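Numbering (our numbering), first residue to last: 623 to 725. In this text, a Cβ means the ideal position worked out from N, Cα and C, and glycines have one as well. All figures in this text were calculated on a predicted structure; none of them were measured in a lab. Notes to accompany the following structure.
Here it is as structure tokens:
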């Protein structure tokens with residue numbers, strides 16, 4: 623079964639995959655399996671399953687609707703200043719000698 627799972631936690635899992643995983647867990651629990659073990663088999667934690675099923679219906683990941691820019695993103699002015707400094711001839715020579723070329 624293709625999925626979004628794999629890697630570290632915090633990954634975005636599509637709504638159709640959430641529905642499928644929850645259906646599989648629900649079926650397993652109805653047939654007598656423990657929720658935690660059923661969740662482990664589909665590759666999610668029991669807490670994730672519970673969080674998805676809060677309220678009346680399965681929740682969709684709200685991160686896809688977030689338009690807030692990253693709080694730690696460098697401004698364009700700061701980025702340009704950094705590029706100007708690292709491309710100074712005296713630094714470029716030093717960086718090339720160390721194998722740290724910025725290009």
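Between residue i and residue j, which are expected to be in contact by the criterion C-beta below 8 Å, what is the C-beta distance as a whole number of angstroms?
i           : j           : result
residue 666 : residue 637 : The Cβ separation is near 14 Å, so there is no contact.
residue 640 : residue 680 : 6 Å
Should residue i and residue j be called a contact, given that it needs their Cβ atoms to be closer than 8 Å?
i           : j           : result
residue 657 : residue 647 : yes
residue 660 : residue 645 : no
Relative to the alpha-carbon of residue i, which residue among the options has its alpha-carbon at the smallest distance?
i           : options       : result
residue 670 : 711, 712, 633 : 633
residue 635 : 674, 662, 652 : 674
Inset, instruction - At 3 residues or longer, and completely inside the region 651-703: list those beta strand (DSSP E) runs for me, N to C. - result: none
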